[in-house]
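Number of protein chains: 4
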Amino acid sequence: MENYKKIINDIYLEIKNIDDIGKVARYIPELATVSPDNFGVYITTIQKDSFGVGDCDKKFSIQSISKVLSLTLAYRFEGIKLWDRVDVEPSGNPFNSLLQLEADLGKPRNPFINSGAIVVCDVLVSHLKNPKKDFLDFCREIANNPTLNYNEKVAESEKITGYRNIALCNFIKSFGNIKNNVEDVLDFYFHICSLEMSCKELSEIALFLANDNFTTHKGNKVLTNSQAKRVNAILLTCGFYDESGEFAFRVGLPGKSGVGGGILAIHPDKYCIVVWSPKLNLKGNSYKGMLFLEKFTTKTTSSIF
Amino acid sequence: MENYKKIINDIYLEIKNIDDIGKVARYIPELATVSPDNFGVYITTIQKDSFGVGDCDKKFSIQSISKVLSLTLAYRFEGIKLWDRVDVEPSGNPFNSLLQLEADLGKPRNPFINSGAIVVCDVLVSHLKNPKKDFLDFCREIANNPTLNYNEKVAESEKITGYRNIALCNFIKSFGNIKNNVEDVLDFYFHICSLEMSCKELSEIALFLANDNFTTHKGNKVLTNSQAKRVNAILLTCGFYDESGEFAFRVGLPGKSGVGGGILAIHPDKYCIVVWSPKLNLKGNSYKGMLFLEKFTTKTTSSIF
Amino acid sequence: MENYKKIINDIYLEIKNIDDIGKVARYIPELATVSPDNFGVYITTIQKDSFGVGDCDKKFSIQSISKVLSLTLAYRFEGIKLWDRVDVEPSGNPFNSLLQLEADLGKPRNPFINSGAIVVCDVLVSHLKNPKKDFLDFCREIANNPTLNYNEKVAESEKITGYRNIALCNFIKSFGNIKNNVEDVLDFYFHICSLEMSCKELSEIALFLANDNFTTHKGNKVLTNSQAKRVNAILLTCGFYDESGEFAFRVGLPGKSGVGGGILAIHPDKYCIVVWSPKLNLKGNSYKGMLFLEKFTTKTTSSIF
Amino acid sequence: MENYKKIINDIYLEIKNIDDIGKVARYIPELATVSPDNFGVYITTIQKDSFGVGDCDKKFSIQSISKVLSLTLAYRFEGIKLWDRVDVEPSGNPFNSLLQLEADLGKPRNPFINSGAIVVCDVLVSHLKNPKKDFLDFCREIANNPTLNYNEKVAESEKITGYRNIALCNFIKSFGNIKNNVEDVLDFYFHICSLEMSCKELSEIALFLANDNFTTHKGNKVLTNSQAKRVNAILLTCGFYDESGEFAFRVGLPGKSGVGGGILAIHPDKYCIVVWSPKLNLKGNSYKGMLFLEKFTTKTTSSIF
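Chains as they are written, first to last, in my numbering: chain G, 13 to 317; chain S, 13 to 317; chain B, 13 to 317; chain X, 13 to 317.
Rendered as C-alpha cells:
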C-alpha cells in the first residue's frame, strides 16, 4: 500500500495542473454547473486498505458508472438468462448504434451502452416491487453506506432533455425487448444515472468485483466468483464506449466511465481505484482520469495483461 | 503443471466426441480438404514446461493467427507511430467494416481485422528487404524453429479467390494508407496467412507474449514488456472478430483465432495454450476450441479477470 | 375517355383473378380485418370525366397516401421554408433510415418516409388551431366532400402499437426538428393516416396535382402550379419507399402508396387514377395495384417519360 | 424554337457572370486543367431544330454522362435480363454505397452509380468483340458523327488514381456479379468515361431518348419506345447521385451529370439540352448547369410534371 500511496501522490501532483484539453459535459444542464477543477483519486484494496487525494470525498454524479450496479443486480436475478436480452459484444462506432439495434432485432450489443442499460433497467423493473427504493437499498448494502442517494434535480434534468433515450426505449419496445411501460423504465433509468458518490464511496461499492471473498455486512455474496469475472470481462471490452479498446490498450484494467467525469477501474484480486475529473475528451471519457490511470498501471505494473 | 495436464486430459476426453455443430471453412479451397476430426491441444508455460494431447503435432494453416506475428514485427519497427496507421478499437459488426473504413478515412479499426492486417503488411513491406523471407526468418528465430514455412498452395488458393481482400487493399490505398503496390502487399499478406504450424509450435512461438523475460536463442527481446502487454490488450478486445466480447466473457484470456480452426490463448505471466479443431461456429471461430478453453480457464481459475 | 374505360375494364378483368402473391398488412390490427379480395379502380380526368370498376366506392384506410395531403397543406403554409425542415431526396434502403437521420442531423430525407411525414405534421400542428379538425376541413374543401373522416379505431390501433413512430419522433426532437409535444404531433399523425376514402374520392381529392387550373368550390387554388409540379416530382422520386425507382421504371407516373393497399397515381395534365387491392408485395406496396398501373400506362402510352 | 432561343439567350446572359460558388473537379488530374470559365448550352429538338450559345462547340470530358450510352447498349443486348445484374432504385446517401452493395449481395442499386456502371461495362465486355472499338462505333452511329473519340490521357489519368473503382470492381466480383477480368472491365470503364463531346454533339447523340421515332442514319432503332421510357425513368430517379431528388424537384426532367461539368437533360417528346460549366457544387453536379436548367424549364414550362 505504501507503494501505491507514493505513486498516487506523485502522479496526482504531476498532472494536477497540466493543460486539460477536455470539456465538461453540457448536455445535462445540471452537470454543467460542476467546477471543472475538481480532481480526486481514491484506492481501496481487497485488504480494505485505502488511500485518497484531492477531491476524493466530494460527491459527484456517477452517471453511467451506475450501469455496473444495475447490471450486477439484474445478473443476480436472471443468471445466464440475462444474455438472451442483451449481448456482451463491443459496439464499434457510436453513430451506428441504432443501425445495429435494428440489425440485431432490438437486442443491444452490451449492457453498458444506453440501449443495453435501458434493457437492464426493464429487467429490474420487472423484478423489483419499488424499483427506485429497492435498487438504492441494494447499493447501500454492498457499500455499507446508508447515505447513498439519487440527485432528483439531475434525474429531472435528464428526463426533460432525454429525447434520445425515449427514442431508444420505444425503438427497443417495438422489437418486444422492453416488457414494462416506457415511462416507468426511463424514470428508473434516469434515477439510477443520477446516483451520487465520492471517489471513496465508489471505490468501496465496487470492491466485490475485485475480491472473490467479498460479502456484504449482512453476509450476502453479491455475485458468484464466475459472474464477477464475467462482469469484469464485459467492463474491459465495453466499458468506455468506442474508446474501450484504447482504455484496455493504455490502462489494461476493466473499468467504467461516466459523463460526470468519474472513472472506476478494477484490478481483479488487487484493488478498486476511482478518479474524478469532470473534463471529458472527445469520446466522452475523463481526460485526466484516463491519463492518471495509464500512468498508475504503468508505474505499479498492475495491468492485467 | 501436473494440474494443467490432468485438466487438459479430462476436458479433451470430455469433448472429443461431442456433437460438433461447427462447419469447416470452405471459402479457401485448400482448407476444405482438411479432416474435420482433427483435435489437438498444447500448452507451454513460461517455465518452458509443456504438454499436449491429440493432434497436437500435426501442422495446420494458422491463417489469421499469423496476424499476431506480423503485428509484433511491425510494432517493433514502428513503435507508437504504428497507431497512426491502424487503431486499437473493436470493430463491432462485420457487415459494416467497409462503412467504418470510409467513416474512419481508411484507418482500420484494429490490426486483427483484414483491413488492419493488410495495413500492417504494408508497413512490413516498407521495412523489409525481402518481405516473405525476412518475415519467415523472424518467425523462425522467436520459435527457435527453422522448419516453419508457408504453404504455397494455400497462399495461391487465397490469391485466386481473394477479391474482397483486393477490394479492401485498393479501398485503403484510395485513402493513402497503403504505401506500396497492392500486388506486393497482398502477395505478402496471403503468404503470411498460409503459415503452417502445429499446436506445439504455435504455443512456443507466442511465448514472448506470456513471459516478460523472454529472449530468443539469439538473445533478442521480441517486444518491450509494455509493448507485449498492449498486444495482449488488443488481442483481448479484438482477437475474435465480432465474437471478441464473447471470448473475453467465456474464456477470459487474450487470444486469436484463425479460420483453419486454430485458437491461440495467452495467460500473461503463466502460459500459452493452443487448441486446434477445424469446425467453425457461425462467427468463424473453432467451436470445440472455444468450448475447450472456456472449460480450461474455469477449472484452472486462470481467467485474467 | 372511352379509350380509358375500355383499357381499365380489360386490365381489371385480366388481373382480377390472378394469383396474388402479396400479403395484407397485419402490423395495424384494424387493417388485418379487411378482406383481401377487394379490388377497385377509379379514374378522374382533368375534364372531370370519370370512371370506375370493382370496389371503387368502398372506403378504405388511405394510410400513407394522406402524406400527400399533409405535405400539400404544410407547403402552402411554409412555401420554400418547408425544405429547411425536410429534404426532397429518395432515401435508399429502408433499413438505414435511422442512420441517415443521424447523419443528416434530424432532417428527414423526404416528406413521404415516416420521419419526414412526422416533421410535416409538426409543421401543421404549429400552424393549425385545431389540427385534426382544420386538416379535415382542408381535405373536405379540396375534395368538395363533407363526408370525409378519420377512422378513430384505426388511429387508436396505430397509437397502441406505434413504438417505432414514437421512437422516430423523439429522435428527431433530440435534434430540435420537432417543435411541439411529441404526443400532440403523433396523435395528429396517427389520425391523418387513418383517413378513409374510396378510390373515387381519392382520385377526386388529388385532382389539383393533375390540373393547373384547379380551384376548390370555394374558389381557392390549392398550390401554385410550380408547387404542384414540385410535389409531383417528389412523388415520383420518393412515393414508394425503396421501390420508388421500380414504380417510376414500370409505371412512369408520380404516385403514392399506402399499406391499406391503395395506390394513387397522377398524370400531370391528364388524370388521377386510384387502384385499391389490399395484398402488398415485399416492399409494402399493393401487388395488384402496381401491376394494374404498369399495364395501364403501357396500353395508354401515358407514362410521363 | 424561337421561344427557346430567346429564353436560352436570356438565361445565358443572366447567369454567365454570377458568382459561381462551385469548384472544378480535381481528383482526375487531367480535368483540373480545364478552364472553369467555359460555359456552353445547346438544344436539339425532335424536329432537329437546334441552337447553341457560348462554348457549345468545345469538346469536354463527358465522364459519367457516358453511362447513359453504355446502359443503352447493354439494355439493347440483354433486354430485361439486365435488371438481374443491376437494380433501378435511387441509392440514397453516397457514403453507404459499399454497405448497400454488401446488403444487396453485389447487385448495384442502379446503373448510374459507379458500381452499377461497372457491372454494365462487364456486360458489354461479355458481348463485344473489341469493346472499346465497338462501343465507339455504336456511339458514332447514333450520333452520326465519326469524329467522336476517347481521350487517352484522361483514361490513363483515371486508371492511375482509380483505386476506389478497382476496389469496387473486385468487391462486386467477390459476389460473382463481374464475369470478366477486373482489368479488362476497368480499362473499358475508364475509356468510356473519357469520351469527349461538345454540348452540340451530346445533345445530338441523346436525341433517341426524346424522340420515339428516332432511327440512326443506318436505319437502326436504338431502343424500343418502352425501353427508352424506362431509361428516362432511371435517369430521373438516379441520374444525379444523391442530388437526384433535387434535380427532379428543381428542373423536372430526366438527366445525367458528369464531373467534367456537363449536364444532359431530356424532355421526352420535345428536346435534348446540354449545359457545360466545369465548376461543381458540393454534390458533384455543375453549379451553373443546374441553375440554368431550373430557369429554363420554369420559363418554358417544360418540366415533365
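Glycine included, C-beta positions come from ideal geometry on N, C-alpha and C.
Here residue 210 of chain B carries a coil assignment [DSSP, helix/strand/coil].
By the criterion of a C-beta distance shorter than 6 Å, residue 40 of chain G is surrounded in its chain by 169 and 170, once the five residues flanking it on both sides are discounted.
For a cut-off of 8 Å, the C-beta gap from residue 54 of chain X to residue 212 of chain X is around 5 Å, short enough to register as a contact. Between the segment 148-164 of chain B and the segment 18-31 of chain B, the count of C-beta pairs closer than 8 Å stays below three; the two stretches do not touch. Shortest Cα-Cα distance from residue 135 of chain G to any of G/190, G/119 and G/316 involves G/190. 241, 242, 244, 245, 246, 248, 249, 250, 254, 256, 257, 258, 260, 261, 264 and 266: these are the residues of the segment 241-273 of chain X whose beta carbon lies less than 7 Å from some beta carbon of chain B, given in chain order.
For a Cβ distance threshold of 7 Å, nothing in chain S lies close to residue 30 of chain G: the least Cβ distance comes to about 19 Å.
For residue 276 of chain G against residue 80 of chain G, the beta-carbon gap comes to about 7 Å, under 8 Å, which counts as contact.
Closest in alpha carbon position to residue 246 of chain G, among G/236, G/267, G/258 and G/263, is G/267. Secondary structure of residue 245 of chain B (DSSP, three-state): helix. Nearest CB-CB separation between residue 112 of chain S and chain G: below the 8 Å threshold. Ranked by how close their Cα comes to the Cα of residue 205 of chain G, the residues G/77, G/70, G/61 and G/50 have G/77 in first place. Of all residues in the segment 272-286 of chain X, only 280 place a beta-carbon less than 7 Å from a beta-carbon of chain B. Against residue 316 of chain X, the close residues of chain B are 280, 316 and 317, in the order they occur along the chain (beta-carbon pairs closer than 8 Å). Using a Cβ-Cβ cut-off of 8 Å, residue 175 of chain S counts as an interface residue toward chain X, since at least one Cβ of chain X sits closer than that to its own.
Between residue 218 of chain X and residue 42 of chain S, the alpha-carbon positions lie close to 51 Å from each other.
DSSP places residue 150 of chain X in the uninterrupted alpha helix (DSSP H) bounded by 143-155. By the neighbour-count criterion, in which a residue is buried when 16 or more other Cβ atoms sit within 10 angstroms of its Cβ, residue 50 of chain G is buried.
The secondary-structure analysis by DSSP pairs residue 225 of chain B with nothing; it has no beta-bridge partner.
When C-beta distances to chain B are compared with 9 Å, the residues of the segment 176-195 of chain G below that value are 176, 177, 178, 179, 180, 181, 182, 183, 184, 185, 186, 187, 190 and 194, in chain order. Residue 179 of chain G counts as buried, since no fewer than 16 other beta carbons sit within 10 angstroms of its beta carbon. Nearest in C-alpha terms to residue 163 of chain B, of all of B/197, B/202 and B/287, is B/202. Excluding residues up to 5 positions away in sequence, 13, 16, 17, 20, 54 and 55 lie with their Cβ nearer than 8 Å to the Cβ of residue 63 of chain S in the same chain.
Chain S places a beta carbon closer than 8 Å to that of residue 103 of chain G, counting this residue as a contact.
Separation of residue 273 of chain G and residue 291 of chain G (C-alpha to C-alpha, rounded to the nearest whole angstrom) is 6 Å. DSSP lists S/52 and S/274 as the beta-bridge partner residues of residue 288 of chain S. Residue environment analysis places residue 297 of chain S among the buried positions, since at least 16 neighbouring C-beta atoms fall within 10 angstroms of its C-beta. Burial check for residue 160 of chain X: the Cβ neighbour count within 10 Å reaches 16 or more, so the residue is buried.
Between the segment 120-135 of chain B and the segment 90-99 of chain B, the count of C-beta pairs closer than 8 Å reaches three or more; the two stretches touch. One alpha carbon belongs to residue 248 of chain G, the other to residue 34 of chain S, and they sit about 28 Å apart. Contact between the segment 228-242 of chain X and the segment 251-271 of chain X is absent: fewer than three C-beta pairs spanning the two stretches fall below 8 Å.
A straight line joining the alpha-carbon of residue 307 of chain B with that of residue 221 of chain X spans about 21 Å. Listed in chain order, the non-local C-beta contacts of residue 311 of chain X below 6 Å within the same chain comprise 19, local neighbours out to five positions each way being set aside. Scanning B/58, B/95, B/302 and B/52 for the CA closest to the CA of residue 227 of chain B turns up B/58. Neighbours of residue 234 of chain S in chain G, taken as residues at a C-beta separation under 9 Å, are lacking, since the least C-beta distance is about 15 Å.
Checking the DSSP bridge columns, you'll see residue 166 of chain X has no partner listed.
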